[in-house]
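In UniProt numbering, the protein residues as written are 1 to 258. Notes follow the structure.
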Ligand SMILES: Nc1ncnc2c1ncn2[C@@H]1O[C@H](COP(=O)(O)OP(=O)(O)O)[C@@H](O)[C@H]1O
Ligand SMILES: [Mg+2]
């Protein structure tokens, strides 16, 4: 899809990215004109082959890769090229694929540090809110984060991002490197986070699991958004599934799976 991203949901989208061009070196664009929109309360998934530029794309949205053309608007504000540390206050929290927790610190200290930008009086109540949302973390609050299971680590990484009560949570491959059991834990957790009113944009390799919790998805190919649609429709589109999702699709008639 080219041109302005058209929201499929009612109201103004929370995030509107138009014709984004971004890369690591001048004159070498990795993201080459990508447009997406994310409606309030949606889970939107960005899929695509390895090296398509998915990480670069969301890092550019999150202020971590320089944008040379196009715009990123969050809740109507132009946040193009606003650095990541400033975006936290504007309501965008980014969870990187790796190194998203401090392994030697306790779970509680990880949350405290993540809440460092909050007024002091808000930190403890916010940690309590995270423990209510992620009960697994309470029991292990004094444990070094490096001792957590893969799934619990991702839970902590998400809890850290949620400390500042963002409008938009952006995640780079939250299920990467996890065993199948933890993959479902992570996606169930993201569904629970969405139910608290947080809008979610995520990049995933695990197309099936991501489309199962997502509302809409985009397929990024060579730095451009090549397909867009309802999550279920994309999964059931044979051309998209076989070309870009790297997995054979399951037809609804053959067990209702998507
Ligand atoms: N830090 C970097 N510096 C230079 N090039 C990079 C960097 N990170 C990624 N790239 C390049 O950007 C392209 C897209 O990578 P990436 O955004 O990681 O894709 P994906 O997440 O879809 O696998 C690749 O060709 C990769 O080599
Ligand atoms: Mg990537």
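Using N, Cα and C, we set each Cβ at its ideal position, and we do this for glycine too.
{"Check": "beta-carbon residue 175 near ligand 2 non-hydrogen atom, thresh 7 Å", "Outcome": "no"}
{"Check": "Supposed close pair residue 57, residue 46 - CB separation, criterion 8 Å", "Outcome": "7 Å"}
{"Check": "Per-residue burial, residue 310 [other beta carbons within 10 Å of its own, 16 or more giving buried]", "Outcome": "Since the first and last residues shown for the chain are 1 and 258, residue 310 lies out of range."}
{"Check": "Nearest-angstrom beta carbon gap, residue 17 and residue 35 [assumed within contact, 8 Å]", "Outcome": "6 Å"}
{"Check": "Beta-carbon contacts of residue 126 that lie in its chain and below 6 Å, excluding the five residues immediately before and after", "Outcome": "115, 163"}
{"Check": "The region 205 to 218 touching the region 66 to 80, judged by at least three CB pairs closer than 8 Å", "Outcome": "no"}
{"Check": "Neighbourhood of ligand 1 [Cβ distance below 5 Å to any heavy atom], ordered by chain position", "Outcome": "24, 30, 50, 51, 52, 53, 54, 55, 56"}
{"Check": "Residue 173 beta carbon less than 8 Å from that of residue 97", "Outcome": "yes"}
{"Check": "Spatial neighbours of residue 194 in its chain, beta-carbon cut-off 6 Å, leaving aside the 5 residues before and after", "Outcome": "43, 200"}
{"Check": "Backbone secondary structure at residue 40 - three-state DSSP", "Outcome": "coil"}
{"Check": "Contact the region 171 to 189 vs the region 149 to 160: 3+ CB pairs below 8 Å", "Outcome": "yes"}
{"Check": "Closer than 7 Å: residue 225 CB and nearest ligand 2 heavy atom", "Outcome": "no"}
{"Check": "Outcome for residue 52 when other beta-carbon atoms lying within 10 angstroms are tallied against a minimum of 16", "Outcome": "buried"}
{"Check": "Validate contact between the region 155 to 170 and the region 84 to 95 using beta carbons, cut 8 Å, 3 pairs", "Outcome": "yes"}
{"Check": "Where residue 14 falls, given that 16 or more other Cβ within 10 Å makes a residue buried", "Outcome": "buried"}
{"Check": "Continuous beta strand (DSSP E) assignments of at least 3 residues falling wholly in the region 55 to 126", "Outcome": "67 to 74, 92 to 95"}
{"Check": "Which listed residue (32, 156, 23, 65) has its alpha carbon closest to that of residue 95", "Outcome": "156"}
{"Check": "Burial state of residue 23, where buried means 16 or more other Cβ atoms lie within 10 Å", "Outcome": "buried"}
{"Check": "Cβ-heavy atom distance, residue 203 to ligand 2, below 7 Å", "Outcome": "yes"}
{"Check": "One or two residues paired with residue 228 in a DSSP bridge", "Outcome": "218"}
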